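Peer 1:
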Amino acid sequence: MLKPLFTPDSVAIIGASRTPGKVGREILDNLIQGGFKGDIVPVNPAVDEIAGCRTYPDLKAYGRPVDLAIIAVPAAAAEAAVETALGCGARAVIVITAGFKELDAEGAERERALIRLCRQRNVRMLGPNCLGLINPHHRMNASFAKHMPEPGGISVVSQSGALCTAILDWAVSRRLGLASLVSMGNKADLNETDFLLEMAQDKNTRVIAGYLESIVSGDEFIKAAEQAASLKPVVFFKAGTTQAGGKAASSHTGSLAGADIAYGAAFKRAGVIRAETFEALFDYATAFSMQPLPAGRRVAIITNAGGPGIIAADAVENSAMEVGTLASSTAQALRNQLPAAASVGNPIDVLGDADPERYSAAVAAAQSDESIDAIIVILTPQAMTRPVETARAVASCAERGKPVLVSFMGGTDVSAGREALISAGIPDYPAPERAVAALRAMCDYADWLRRPPRIITRFPANRRRVERLINRHVKTGQVQMGEAAAKSVLAAYDFNVPAGRIATTADEAIEIAERIGFPVVMKIVSREVIHKSDVGGVKLNLDSPATVRDAFDLMMMRIRQRVPGATIEGAYIEQMCRKGREVILGMSRDPQFGPMLMFGLGGIFVEVMKDVTFHIAPITEQEALQMLKSTKSFALLRGVRGQSRVDISAIATALQRISQLANDFKQIQELDINPFIVGEIGTPAMAADARITLSPRTRQG
Numbered sequence: 002m003l004k005p006l007f008t009p010d011s012v013a014i015i016g017a018s019r020t021p022g023k024v025g026r027e028i029l030d031n032l033i034q035g036g037f038k039g040d041i042v043p044v045n046p047a048v049d050e051i052a053g054c055r056t057y058p059d060l061k062a063y064g065r066p067v068d069l070a071i072i073a074v075p076a077a078a079a080e081a082a083v084e085t086a087l088g089c090g091a092r093a094v095i096v097i098t099a100g101f102k103e104l105d106a107e108g109a110e111r112e113r114a115l116i117r118l119c120r121q122r123n124v125r126m127l128g129p130n131c132l133g134l135i136n137p138h139h140r141m142n143a144s145f146a147k148h149m150p151e152p153g154g155i156s157v158v159s160q161s162g163a164l165c166t167a168i169l170d171w172a173v174s175r176r177l178g179l180a181s182l183v184s185m186g187n188k189a190d191l192n193e194t195d196f197l198l199e200m201a202q203d204k205n206t207r208v209i210a211g212y213l214e215s216i217v218s219g220d221e222f223i224k225a226a227e228q229a230a231s232l233k234p235v236v237f238f239k240a241g242t243t244q245a246g247g248k249a250a251s252s253h254t255g256s257l258a259g260a261d262i263a264y265g266a267a268f269k270r271a272g273v274i275r276a277e278t279f280e281a282l283f284d285y286a287t288a289f290s291m292q293p294l295p296a297g298r299r300v301a302i303i304t305n306a307g308g309p310g311i312i313a314a315d316a317v318e319n320s321a322m323e324v325g326t327l328a329s330s331t332a333q334a335l336r337n338q339l340p341a342a343a344s345v346g347n348p349i350d351v352l353g354d355a356d357p358e359r360y361s362a363a364v365a366a367a368q369s370d371e372s373i374d375a376i377i378v379i380l381t382p383q384a385m386t387r388p389v390e391t392a393r394a395v396a397s398c399a400e401r402g403k404p405v406l407v408s409f410m411g412g413t414d415v416s417a418g419r420e421a422l423i424s425a426g427i428p429d430y431p432a433p434e435r436a437v438a439a440l441r442a443m444c445d446y447a448d449w450l451r452r453p454p455r456i457i458t459r460f461p462a463n464r465r466r467v468e469r470l471i472n473r474h475v476k477t478g479q480v481q482m483g484e485a486a487a488k489s490v491l492a493a494y495d496f497n498v499p500a501g502r503i504a505t506t507a508d509e510a511i512e513i514a515e516r517i518g519f520p521v522v523m524k525i526v527s528r529e530v531i532h533k534s535d536v537g538g539v540k541l542n543l544d545s546p547a548t549v550r551d552a553f554d555l556m557m558m559r560i561r562q563r564v565p566g567a568t569i570e571g572a573y574i575e576q577m578c579r580k581g582r583e584v585i586l587g588m589s590r591d592p593q594f595g596p597m598l599m600f601g602l603g604g605i606f607v608e609v610m611k612d613v614t615f616h617i618a619p620i621t622e623q624e625a626l627q628m629l630k631s632t633k634s635f636a637l638l639r640g641v642r643g644q645s646r647v648d649i650s651a652i653a654t655a656l657q658r659i660s661q662l663a664n665d666f667k668q669i670q671e672l673d674i675n676p677f678i679v680g681e682i683g684t685p686a687m688a689a690d691a692r693i694t695l696s697p698r699t700r701q702g
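So, in structure tokens, the structure goes:
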């Protein structure tokens, strides 16, 4: 618990200043003006009093331990200030000062010194280079931000101090209360994982919202986020979404996976709702903090204008929700209470001259309808519209268990109505699409809470064989594992692979082909040739000794022409797979979050449409199936226009086996099965081609 940081009984400001505008003075003024009830201990050796508070030359002169020491002195003096504070019994430290690792190497060393001091005393530190911390429920503004929000249910953790001030301004302008606000700064000690766990246990926090640029530890973050999300909604806006490090990936999976993809997969795995924009972060947090979760995805839309109702309906359908069908009894009740010209379908159009009573009747009817899970209310200002009274009418009918989100469209004419909605605990949005997006976030989180228990299946596997293959490659400095070896690894994890061997001469190729049985496939074997098809290194449907000989000779000649200097080990001759649906399965190991599994249909679905999905391993059967369902091309697997349904469970099982393999052997950096050929139920799925890339940094299995 971080009680000395969030709810201290005494706060020292080391570096308190008598000059208005200085950080040390702003923090002192904020503590006083915010109504902090504990002891405030300003430390400044040059004066005896600041802002009516007795000032001490140093913390030792105070004579008693303090719960929280705030360091607001120059970076060069910060180490001594922290050491003194710890020596005087401080139980938590906030280092506001900048000039540490964000500046240069010397600053990084100063930061490491602060960490060493705090860890020696088992004291937690926030910062350095941060705005500070605010706990409105404790009446504590231990920051240099000028706003003190009202107590509320949203806790905010941010890597950017500037965005903290923007969030504060937004909260104050919207009259929205906060449970706490934390600026993490450089995260030298305390980081997002610590605050997730703390805020999850805080009784005042209804929703955790945050802004992240990076994560200190992927594994710890996923565990903490999943633990927090199981108790209350967690919403993050992640910036810095471009591919990090300029990694030259050799596989389809590696080239499609990037830093942003990894964060998205990690958030999905942990139950974190991702806000795609800073605006959406506010929208989602507001909805979660004010309204109950929906029991399903069936939405009722109530509007006084046809166009906005259509906009909302489109947004609902495009957001994996459903414009619900009202029960006949609901429609009849609406006919009895609304004008004859009103529409009692869904959207429910209460007409442009709607008074508050019509809105109240429509909302009450939707609340009572068991075929509706959530309600979107839209108002456009007409000459006869009464926004404030309508807001109160909607609020009076909203406390019946189903979430109600409102869009009062317009500006000045509806501003008072918006304030009435927020005061009543009803989230309001300037456009229907934003209300729908917030509702979808609520639906996604509710679905995550209802997910079945995570049961990871362990499949029998020949780990000894894989260890030998990997160690043999690593010892000889081979990072790329050839197709034959890669398929041997897959076979050890019970994948079906075509029979095949490497041939070094045309005669040997013919001999292998005759032993396997025609038709066969021929593929070049060379460390320098990764994408074989691009250089003519694949020949299909070779159905006689003559075609095998001709293909072998031609392939050897063309590869030497197209890839000069390549070391050619021979040609891999293997059984021709039967036809089926071609999909791509893969794994790319993210440096933060570990193995990421990938699924997509072959051909243009991956190459052009990028219709792929990712998930962090280990993966359950349900999660594997959800990966398949989340692609736009999933309908092709189920069978459309007379095509047969393929064995979907075979693909899900294959993803689980890759998950197990990746977790068993951290040396595997990337893995592609392309194509993985799957047929109808009962037909064995086949790994027709495979590629494995090893990390050169590890050797042990």
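With positions in the sequence shown counted from 1, the corresponding number in the working numbering is that position plus 1. Don't be surprised by glycine CBs; every beta carbon is placed ideally from N, CA and C. Here the structure is a predicted model, which means the values were calculated and not measured.
Note down the Cα distance separating Ala546 from Ser215, rounded to an integer number of angstroms.
Peer 2: A quick correction: the sequence has Pro, not Ala, at residue 546. Taking the straight line from one Cα to the other gives about 58 Å.
Peer 1: Compute the distance between the beta-carbons of Gly587 and Ile517, then report whether it is under 8 Å.
Peer 2: Taking 8 Å as the Cβ cut-off, Gly587 and Ile517 do not qualify as a contacting pair.
Peer 1: Which residues does DSSP list as the beta-bridge partners of Pro152?
Peer 2: Answer is Leu179.
Peer 1: How about the region 524-542 and the region 580-594: do they share at least three Cβ pairs that are nearer than 8 Å?
Peer 2: Because the criterion of three Cβ pairs below 8 Å is not met, the region 524-542 and the region 580-594 do not touch.
Peer 1: Let me know the secondary structure DSSP gives Arg435 once reduced to three states.
Peer 2: Residue state, collapsed to three classes: helix.
Peer 1: Quick one: grab the DSSP three-state call for Asn142.
Peer 2: Three-state DSSP puts Asn142 in a strand.
Peer 1: Assuming contact is defined by CB atoms lying nearer than 8 Å, are Val480 and Thr694 in contact in what I supplied?
Peer 2: Against a cut-off of 8 Å, the Cβ pair of Thr694 and Val480 comes out as a contact.
Peer 1: Closest to Pro66 by CA distance: which of Leu637, Gly90, Gly297 is it?
Peer 2: Comparing Cα positions, the closest option is Gly90.
Peer 1: Provide the residue(s) that pair with Val158 in DSSP beta bridges, ordered along the chain.
Peer 2: The partner list for Val158 (beta bridge, DSSP) reads Val183, Gly211.
Peer 1: What first and last residue would you give for the alpha helix (DSSP H) that runs through Leu709?
Peer 2: It is not possible to answer for residue 709, since the shown part of the chain is limited to 2 through 702.
Peer 1: Which residues does DSSP pair with Ala276 in a beta bridge?
Peer 2: Answer is Phe238, bridged to Ala276.
Peer 1: Which residues in the same chain as Arg92 place their Cβ atom closer than 8 Å to its Cβ, once the five residues preceding and following it in sequence are excluded?
Peer 2: Hits under 8 Å: Pro5, Pro9, Pro66, Val67, Asp68, Leu69, Val124.
Peer 1: Could you say if the region 17-28 and the region 38-55 meet the contact criterion of at least three C-beta pairs nearer than 8 Å?
Peer 2: Touching, per the Cβ criterion.
Peer 1: Give me the residue from Ala106, Val273, Met2, Leu115 with the minimum Cα distance to Lys224.
Peer 2: For the residues Ala106, Val273, Met2, Leu115, the minimum Cα distance to Lys224 belongs to Val273.
Peer 1: Would you give the residue range spanned by the alpha helix (DSSP H) that Leu60 belongs to?
Peer 2: Here the alpha helix (DSSP H) through Leu60 covers 60-63.
Peer 1: Count the other CB atoms within 10 Å of the CB of Arg658; is the residue buried (16 or more) or exposed (fewer)?
Peer 2: Burial call: buried.
Peer 1: Within its chain, find whatever has a CB closer than 7 Å to the CB of Ser709; leave out the 5 residues flanking it on each side and keep chain order.
Peer 2: Look at the range of the chain in this structure, 2 to 702, and you will see that residue 709 is not part of it.
Peer 1: So, at 6 Å on beta carbons, what are the nonlocal neighbours of Ser251 in its own chain, with the 5 sequence-adjacent residues on each side left out?
Peer 2: Unreliable placement is indicated for Ser251, whose pLDDT of 44 sits below 50; the coordinate value is still reported in the next sentence. Excluding positions up to five away in sequence, the list reads Ile531, Thr694.
Peer 1: Only counting the same chain, and skipping five residues up and downstream in sequence, which positions put a Cβ closer than 7 Å to that of Arg175?
Peer 2: Here the set comprises Ile423.
Peer 1: What are the boundary residues of the alpha helix (DSSP H) that Thr477 is part of?
Peer 2: Where Thr477 is concerned, there is no enclosing alpha helix (DSSP H), given that its DSSP letter is neither H nor E.
Peer 1: Skipping 5 residues on each side, what residues in its chain have a beta carbon closer than 7 Å to that of Leu656?
Peer 2: Taken in chain order, the residues that qualify are Leu586, Leu598, Phe600, Ile620, Ala625, Met628.
Peer 1: Residues in its own chain within less than 7 Å of Arg550 by CB, not counting five upstream and five downstream?
Peer 2: Result list for Arg550: Ala507, Ile511, in chain order.
Peer 1: Quick check on this structure: which residue in Ala172, Ser161, Leu169 has the alpha carbon closest to the alpha carbon of Gly186?
Peer 2: Cα-wise, what sits closest to Gly186 is Ser161.
Peer 1: Within 10 angstroms of its Cβ, does Thr728 collect 16 or more other Cβ (buried), or is it exposed?
Peer 2: With the chain covering 2 to 702 only, the question about residue 728 has no answer from this structure.
Peer 1: Work out the CA separation of Asp429 and Val183 for me, nearest whole Å.
Peer 2: Whole-angstrom Cα-Cα distance: 26 Å.
Peer 1: For Arg111, collect the residues of the same chain with a Cβ closer than 8 Å to its Cβ; drop the 5 residues on either side in sequence, then sort them by chain order.
Peer 2: Once the five neighbours on either side are set aside, the close Cβ partners of Arg111 are Ala76, Ala77, Ala79, Glu80, Gly100, Phe101.
Peer 1: Which ranges does the beta strand (DSSP E) cover as unbroken runs of at least 3 residues, wholly within the region 278-363, from first to last along the chain?
Peer 2: Runs of the beta strand (DSSP E) inside the region 278-363: 299-304.
Peer 1: Helix, strand or coil for Ala249 per DSSP?
Peer 2: Because the pLDDT at Ala249 is just 40, under 50, the model does not fix this residue reliably, and the value given afterwards should be weighed accordingly. The answer is coil: DSSP assigns Ala249 none of H, G, I, E or B.
Peer 1: Using the three-state DSSP reduction, which class does Phe677 fall into: helix, strand or coil?
Peer 2: Looking at Phe677 - three-state DSSP - the assignment turns out to be strand.
Peer 1: Return the CA-CA distance between Val564 and Pro499, expressed in angstroms with no decimal places.
Peer 2: Computed Cα separation, rounded: 27 Å.
Peer 1: Kindly indicate which residue of Glu575, Gly39, Leu282 has the alpha-carbon position closest to the one of Cys165.
Peer 2: Taking only the C-alpha atoms, the option nearest Cys165 is Leu282.
Peer 1: Roughly how many angstroms lie between the CA atoms of Leu380 and Leu115, to the nearest whole one?
Peer 2: Cα to Cα, Leu380 sits roughly 55 Å from Leu115.
Peer 1: Starting from His616, follow its DSSP beta bridges and name the residues at the other end.
Peer 2: Paired residue(s): Leu598.
Peer 1: At the level of alpha carbons, what is the spacing between Ala249 and Arg692?
Peer 2: Residue placement at Ala249 is poorly supported in this model, since its pLDDT is 40, which falls under 50; the coordinates still yield a value, given next. The straight-line gap from Cα to Cα measures roughly 16 Å.
Peer 1: Just checking, does the region 482-493 make contact with the region 448-467 on the three C-beta pairs under 8 Å criterion?
Peer 2: Output reads yes: the region 448-467 touches the region 482-493.
Peer 1: Nearest to Val235 by CA position, among Arg207, Gly241, Ala260, is which residue?
Peer 2: Checked all of Arg207, Gly241, Ala260; the closest Cα to Val235 is Arg207.
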